[in-house]
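Per my numbering, the very first residue in the sequence shown carries number 246; after that it's consecutive.
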Amino acid sequence: MVILSGIDRYLGLIIIGGLLAFFGLIIIIVIQVKKHVNAFKIEKPEISEEQAAKEELDRVLVPIDDEEIVKQMDEASKEEIAKNEHKDE
């Protein structure tokens, strides 16, 4: 029976620990470089909440060009308002 010395017994753990430490060090270096080097900084333009909301609404909402659909929507909204007024009374 062969008796392993202390370093041989834990060689697998030493290799895994060394690899984890190596890649952890690389990650820390990358984070610090991105934090302090101007070439990697992303500058966001300053816009107000109102401007951002307007841009989002313009992106999502689609203007209606068909007059027939506009008339139908107006009639439907008037009917809905009338129904709500009757419920309140």
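Beta carbons: idealized from backbone N, C-alpha and C, even for Gly. Keep in mind that this is a model prediction, so the values were computed, not measured.
Q. For the alpha helix (DSSP H) that contains L270, what are its first and last residues?
A. For L270, the enclosing alpha helix (DSSP H) covers residues L256 to H281.
(Q) Rounded to whole angstroms, what is the Cα-Cα separation between E295 and L302? (A) E295 and L302: Cα-Cα distance of roughly 11 Å.
Q) Under three-state DSSP, which class holds K328? A) helix
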